[in-house]
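Written out below as structure tokens is the structure these notes cover.
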Ligand SMILES: Nc1ncnc2c1ncn2[C@@H]1O[C@H](COP(=O)(O)OP(=O)(O)O)[C@@H](O)[C@H]1O
Ligand SMILES: [Mg+2]
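Chains as they are written, first to last, in our numbering: chain A, 1 to 394; chain W, 395 to 642.
Below, the structure written as structure tokens:
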């Protein structure tokens with residue numbers, strides 16, 4: 001044990017003899033480890049942020065679109081589609097909507113020609129849609145039964161469309177939908193899982209059928225599943241909807257798209273981490289190189305130590321420890337720098353900082369590992385030196 | 395064959411080179427006993443340093459056997475040989491050979507490493523050794539801040555701090571001016587004791603004369619190994635090959 005203490009003392013005094021050189025070879029592990037820690041830490045923080053977003057949104061929303069049998073024009077679901085899917089035990093709630101096509105919506109009838117070229121989606125949905133999609137209202141209210149009972153023409157618009165139409169919340173305003181004047185009763189907030197809604201207008205199915213003869217057959221279905229059974233539900237939906245028919249149903253889980261988008265975002269981080277690994281290896285080569293030169297420069301010191309009774313093993317350990325101390329210190333500083341970068345970037349992006357202590361430890365261990373490999377050549381070289389050849393007796 | 399000599403060279407050869415062999419030492423037999431004061435003389439290239447390296451276990455014989463207290467060195471591992479070297483031998487070199495980045499005290503302490511000593515104890519021992527050669531006030535100086543004579547005295551302090559059985563010195567005054575040389579030689583005359591043998595390669599006739607035994611070498615062989623009387627008296631030993639020492 002006291003040998004280890006003595007060796008550490010010797011390694012430290014060897015390193016502090018040339019502090020600039022020591023700091024320079026420490027740069028390799030510092031850069032390498034900080035890049036790895038920063039890249040992985042940021043990926044994890046981003047992932048943590050996504051996880052939080054997903055848990056807020058719920059990963060149990062399934063979207064199903066009618067595809068019909070091959071070649072069908074404007075495919076639709078059967079009229080009782082909601083009843084059919086709600087019969088599934090893993091379905092919590094469901095809502096069917098009709099995506100109306102060929103209906104021009106514009107702030108006023110005179111602007112129709114422009115909005116024919118750039119159509120605004122018109123969706124017929126009931127109040128179950130509000131619950132299933134978890135829509136928040138920026139202002140006003142959703143379409144209610146009173147609107148229908150009184151044959152009123154009420155519309156809810158997305159917040160993006162409200163901006164585009166310069167709608168001031170709370171004011172009375174009509175817009176032109178397929179030539180009919182609809183009153184705007186509410187503005188809905190952005191819906192992360194269905195971004196199209198931001199620029200869409202929603203009316204009630206009754207109004208759609210009355211004014212545009214849409215029928216009551218839905219084109220799109222949104223289903224909330226038992227969160228543990230989302231995949232099972234997704235698989236079961238086509239059968240439940242068609243009851244043995246051969247119409248096709250396209251199903252998707254919108255949160256999957258978020259996850260894969262986030263996964264694509266991590267490519268950059270992966271590259272940075274890879275380059276950090278590369279920097280660590282290059283840093284290791286640097287340590288090996290500088291230490292080998294140092295062994296030659298210090299050959300007479302090695303001869304002296306041998307003459308004083310230090311065996312080859314102790315000489316090898318001395319230089320190995322110098323290398324390891326460089327790796328350890330560089331690794332610790334690098335992990336600290338990396339942690340600072342993760343904290344700073346996460347804070348500026350409003351993420352919760354995810355810093356796994358295991359990651360920091362891994363970074364330090366990697367630097368020490370590299371330094372051990374780097375120290376192998378110089379230390380064996382030092383141990384092999386013949387004392388008499390380095391000492392040149394008189 | 396009597397064992398228990400401190401050191402024993404038994405027909406030892408040291409051959410350098412492979413194609414052209416240089417017999418730096420040619421079948422030399424020699425014993426050194428505890429407490430002896432031996433001077434080694436001979437022209438340059440006669441094998442003095444080679445023999446000193448072998449006596450100090452820094453080198454291994456090409457042929458023959460080297461024994462320490464009767465134990466053959468050829469059967470030891472490097473670690474055992476190193477340990478023995480650290481315990482038994484103290485070296486003093488012509489070029490001082492201090493570690494340049496360590497101060498005087500730490501240079502002396504280097505001889506005390508890996509012996510299970512506490513840092514405090516080590517420091518005290520080193521300071522005592524430095525103090526013995528009036529170097530206590532130089533303890534914090536690095537070699538470049540010391541004169542040649544001071545450096546050599548630090549090296550001597552380092553050699554004796556482990557209390558070795560044998561001091562080996564290879565022309566210890568060779569790099570010093572005459573005043574410092576005389577000073578260092580004075581120290582060497584006082585180093586040997588019944589417990590501590592001293593073997594010194596030297597051209598200094600005064601030191602050679604104050605040693606009780608003189609070994610003369612030429613061409614890798616011992617040509618004379620004689621007991622000598624203290625300075626001023628005539629030699630009474632059986633060596634008859636004449637004065638083989640000379641300037642190099
Ligand atoms: N490493 C070596 N390689 C080859 N020859 C050597 C080596 N060391 C010493 N010699 C040769 O061995 C002989 C003895 O050298 P040395 O012991 O240094 O003599 P001295 O110390 O008496 O001057 C010389 O001829 C020298 O050239
Ligand atoms: Mg010599």
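Even for Gly, the Cβ is constructed at its ideal location relative to N, Cα and C.
The structure displayed is predicted, hence computed values, not measured ones.
Hey, is residue i's beta-carbon within less than 7 Å of any beta-carbon in chain A?
i                      : result
residue 476 of chain W : yes
residue 504 of chain W : yes
residue 522 of chain W : no
residue 536 of chain W : no
residue 526 of chain W : no
residue 485 of chain W : yes
residue 408 of chain W : no
residue 638 of chain W : Low confidence applies here, because residue 638 of chain W scores a pLDDT of 40, under 50, leaving its location unreliable and the question unanswered by this model.
residue 597 of chain W : no
residue 576 of chain W : no
residue 507 of chain W : yes
residue 401 of chain W : no
residue 590 of chain W : no
residue 609 of chain W : no
residue 479 of chain W : yes
residue 453 of chain W : yes
residue 493 of chain W : yes
residue 619 of chain W : no
residue 411 of chain W : no
residue 473 of chain W : yes
residue 641 of chain W : Only weak support exists for where residue 641 of chain W lies, its pLDDT of 42 falling under 50; the value from the coordinates is given anyway. Not an interface residue.
residue 543 of chain W : no
residue 510 of chain W : yes
residue 649 of chain W : Residue 649 of chain W is absent from the model: chain W starts at 395 and stops at 642.
Between which two residues does the beta strand (DSSP E) carrying residue i extend?
i                      : result
residue 186 of chain A : 180-188
residue 417 of chain W : 416-426
residue 450 of chain W : Element bounds for residue 450 of chain W: n/a, residue is neither H nor E.
residue 63 of chain A  : 61-68
residue 618 of chain W : 615-621
residue 611 of chain W : 607-612
residue 99 of chain A  : 91-100
residue 224 of chain A : 220-225
residue 560 of chain W : 560-564
residue 402 of chain W : 401-410
residue 174 of chain A : 174-177
Tell me, to the nearest whole angstrom, how far the beta carbon of residue i is from that of residue j; I am working on the premise that it is less than 8 Å.
i                      : j                      : result
residue 338 of chain A : residue 363 of chain A : 7 Å
residue 133 of chain A : residue 92 of chain A  : With a Cβ gap of about 13 Å, residue 133 of chain A and residue 92 of chain A do not count as contacting.
residue 420 of chain W : residue 461 of chain W : Not confirmed; about 19 Å, so no contact.
residue 99 of chain A  : residue 251 of chain A : About 16 Å separates the two Cβ atoms, so there is no contact after all.
residue 36 of chain A  : residue 327 of chain A : That belief does not hold up - the Cβ atoms of residue 36 of chain A and residue 327 of chain A are roughly 14 Å apart, past 8 Å.
residue 107 of chain A : residue 175 of chain A : 6 Å
residue 585 of chain W : residue 554 of chain W : 7 Å
Any Cβ of chain W within less than 7 Å of the Cβ of residue i?
i                      : result
residue 301 of chain A : yes
residue 388 of chain A : yes
residue 312 of chain A : yes
residue 23 of chain A  : no
residue 316 of chain A : no
residue 304 of chain A : yes
residue 15 of chain A  : no
residue 55 of chain A  : no
residue 307 of chain A : yes
residue 2 of chain A   : yes
residue 6 of chain A   : yes
residue 394 of chain A : No answer about residue 394 of chain A holds up, because its pLDDT of 49 lies below 50 and its placement is not dependable.
First and last residue of the alpha helix (DSSP H) that includes residue i?
i                      : result
residue 515 of chain W : 513-526
residue 485 of chain W : First-last for residue 485 of chain W: 483-486, but that is the beta strand (DSSP E), not the alpha helix (DSSP H).
residue 431 of chain W : Not the alpha helix (DSSP H): residue 431 of chain W falls in the beta strand (DSSP E), residues 431-435.
residue 83 of chain A  : 81-86
residue 439 of chain W : Premise fails: residue 439 of chain W is in no alpha helix (DSSP H) and is neither H nor E.
residue 370 of chain A : 357-384
residue 343 of chain A : 312-349
Cβ pair count under 8 Å reaching 3, the stretch 517-527 of chain W against the stretch 541-551 of chain W: Taking a cut-off of 8 Å on C-beta distances, the stretch 517-527 of chain W touches the stretch 541-551 of chain W, as three or more cross pairs fall below it.
When a residue counts only if its C-beta is closer than 5 Å to some heavy atom of ligand 1, which residues count, in chain order? Here the list is W/410, W/416, W/418, W/438, W/439, W/440, W/441, W/442, W/443, W/444.
Within 8 Å, do at least three Cβ pairs link the stretch 264-284 of chain A to the stretch 74-91 of chain A? No, because fewer than three Cβ pairs between the stretch 74-91 of chain A and the stretch 264-284 of chain A fall closer than 8 Å, the two stretches do not touch.
Stretch-stretch touch, CB-based, cutoff 8 Å, three pairs: the stretch 560-574 of chain W with the stretch 479-495 of chain W: The stretch 560-574 of chain W vs the stretch 479-495 of chain W: in contact.
Quick check: the stretch 111-124 of chain A against the stretch 135-152 of chain A, are at least 3 beta-carbon pairs closer than 8 Å? Touching, no.
Are three or more beta carbon pairs between the stretch 71-80 of chain A and the stretch 231-240 of chain A nearer than 8 Å? Contact between the stretch 71-80 of chain A and the stretch 231-240 of chain A is absent: fewer than three C-beta pairs spanning the two stretches fall below 8 Å.
Okay, do the stretch 495-509 of chain W and the stretch 306-313 of chain A touch, 3+ Cβ pairs below 8 Å being the bar? Short answer: they touch.
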